[in-house]
Amino acid sequence: MTTKIQSSAIRNEVKNQSNEAEAASRKTAVLVGVLFIIGTAAGILSGVLTIPIFDSSDILAAVAANPSQLVWGAILVLVMGFAVAMIPVLLYPIFKNYNEVLALGAVIFRGVLEAGTYIGIVVCWLLLISLSQMAKTDTSTTLSTLLLETTAWINLMLAIVFSLGALMIYYLFFQSRLIPRWLSGWGFIGAILYLAAPLLIMFDPQHPPLSLDSGVGVLMAPLALQEMVLAVWLIVKGFNNS
1 MTTKIQSSAI RNEVKNQSNE AEAASRKTAV LVGVLFIIGT AAGILSGVLT
51 IPIFDSSDIL AAVAANPSQL VWGAILVLVM GFAVAMIPVL LYPIFKNYNE
101 VLALGAVIFR GVLEAGTYIG IVVCWLLLIS LSQMAKTDTS TTLSTLLLET
151 TAWINLMLAI VFSLGALMIY YLFFQSRLIP RWLSGWGFIG AILYLAAPLL
201 IMFDPQHPPL SLDSGVGVLM APLALQEMVL AVWLIVKGFN NS
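With the numbering used here, letter number 238 in the sequence shown gets 238, and the count goes up by one each step, no holes.
Okay, structure coming up:
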């Protein structure tokens, strides 16, 4: 009788632990999905605020006339950076069970390095505000051009770091089967195409802008769409824990 009671207690304990693990996995999936959406929404809103400024023929004058608009755009970039940086951090405890090296690599590339590039972009934008408040001279114009060129190069580095991190994440998703393989495969192929975009621009003498509405946008669109599909999937379906 004692043995049966002990066996029943062990089974109940194992069942409780399994339920707790499933609940934690579900919570992580929802959080990751929400962070994908927050990051994307913040990036879009930042573009809405800042693109009219950067498309101006006189950027310093546009910045001087709309400094708060640029500050809010910068804040939204930081929100985006924080959101995307937390995704690999949340996934690390799960991914390390399949490949700890790649799980750590995803944290470094999609977390640390990507967040660092976003901070670099924000610093360049805020320096433009300082320049716009000074008397306009050839020097200030040259410095503003240099800051814009620096931002463009940081964007290219960001795209490379982002793509490499995405390759690690979607390989781990494919290996672990936490999401359907068609979805992780889509992300992996999309990351390869996304990586090609900044590399093509770097070797193009004209250095066209890196954006979805530019010529290389067709290479970036598949991953952008996939991450929104993934976000909805994680919120609605969660991870496949079987």
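Ideal Cβ placement from N, Cα and C applies to all residues, glycine included.
Quick check: what's the CA-CA separation for residue i versus residue j?
i, j, result
"SER46", "VAL63", "15 Å"
"ALA224", "THR28", "21 Å"
"VAL77", "ILE121", "8 Å"
"VAL14", "ASN241", "Reliability fails at VAL14, whose pLDDT of 48 lies under 50, so the model's placement of it is uncertain and no value is given."
"ALA231", "PRO198", "25 Å"
"ASN274", "TYR170", "Past the boundaries of the shown model lies residue 274; the chain is included only from 1 to 242, so the question cannot be answered."
"LEU102", "SER56", "42 Å"
"GLY217", "SER144", "26 Å"
"LEU49", "GLY73", "6 Å"
"VAL325", "TYR194", "Past the edges of the chain, shown from 1 to 242, lies residue 325, and the structure says nothing about it."
"LYS96", "ASP213", "37 Å"
"LEU234", "GLY39", "15 Å"
"ALA166", "TRP153", "20 Å"
"GLY33", "TYR92", "15 Å"
"ILE94", "VAL229", "21 Å"
"GLN175", "ILE37", "24 Å"
"THR151", "ILE119", "11 Å"
Label residue i either buried or exposed according to how many other C-beta atoms from any shown protein chain fall within 10 Å of its C-beta, with 16 as the threshold for buried.
i, result
"ILE44", "exposed"
"TRP125", "buried"
"ARG110", "buried"
"GLU227", "buried"
"ILE51", "exposed"
"SER130", "exposed"
"PHE162", "buried"
"TRP243", "It is not possible to answer for residue 243, since the shown part of the chain is limited to 1 through 242."
"MET168", "buried"
"LEU146", "exposed"
"SER132", "buried"
"ALA23", "exposed"
"VAL236", "exposed"
"ALA42", "buried"
"ALA106", "buried"
Just checking my contact of residue i with residue j at CB under 8 Å: how many whole Å lie between their CB atoms?
i, j, result
"LEU31", "LEU104", "Going by Cβ atoms, the distance from LEU31 to LEU104 rounds to 20 Å, so no, they are not a contact pair."
"ILE70", "LEU158", "Checking the sequence, you will find Leu at residue 70 rather than Ile. Between LEU158 and LEU70 the Cβ distance is about 19 Å, and since that is not below 8 Å, they are no contact."
"LEU148", "ILE59", "7 Å"
"PRO208", "GLY215", "6 Å"
"ALA196", "LEU219", "5 Å"
In chain order, what residues of the same chain lie with their CB nearer than 6 Å to the CB of residue i, ignoring the 5 residues before and after it?
i, result
"PHE173", "ILE179 and SER184"
"LEU35", "ALA83, MET86 and ILE87"
"MET186", "The residue asked about is misnamed: residue 186 is Trp in this sequence, not Met. Same-chain partners within the cutoff: GLN226."
"LEU164", "PHE109"
"THR137", "none"
Can you name, in chain order, every residue of its own chain whose Cβ lies under 7 Å from the Cβ of residue i, other than the five neighbours on each side?
i, result
"ASN66", "ILE53"
"LEU210", "ASN155, LEU156, ALA159, ALA197, PRO198, ILE201 and VAL216"
"ARG177", "ASN240"
Considering only residues of the same chain and omitting the five flanking positions on each side of residue i, which have a CB-CB separation below 8 Å?
i, result
"MET202", "LEU156"
"THR141", "LEU60"
"GLY238", "SER25, ARG26, ALA29 and VAL30"
"ILE189", "PRO222"
Would the stretch 69-84 count as touching the stretch 109-116 if we require 3 or more Cβ pairs under 8 Å?
The way I'd put it, the stretch 69-84 does touch the stretch 109-116; three or more beta-carbon pairs between them come closer than 8 Å.
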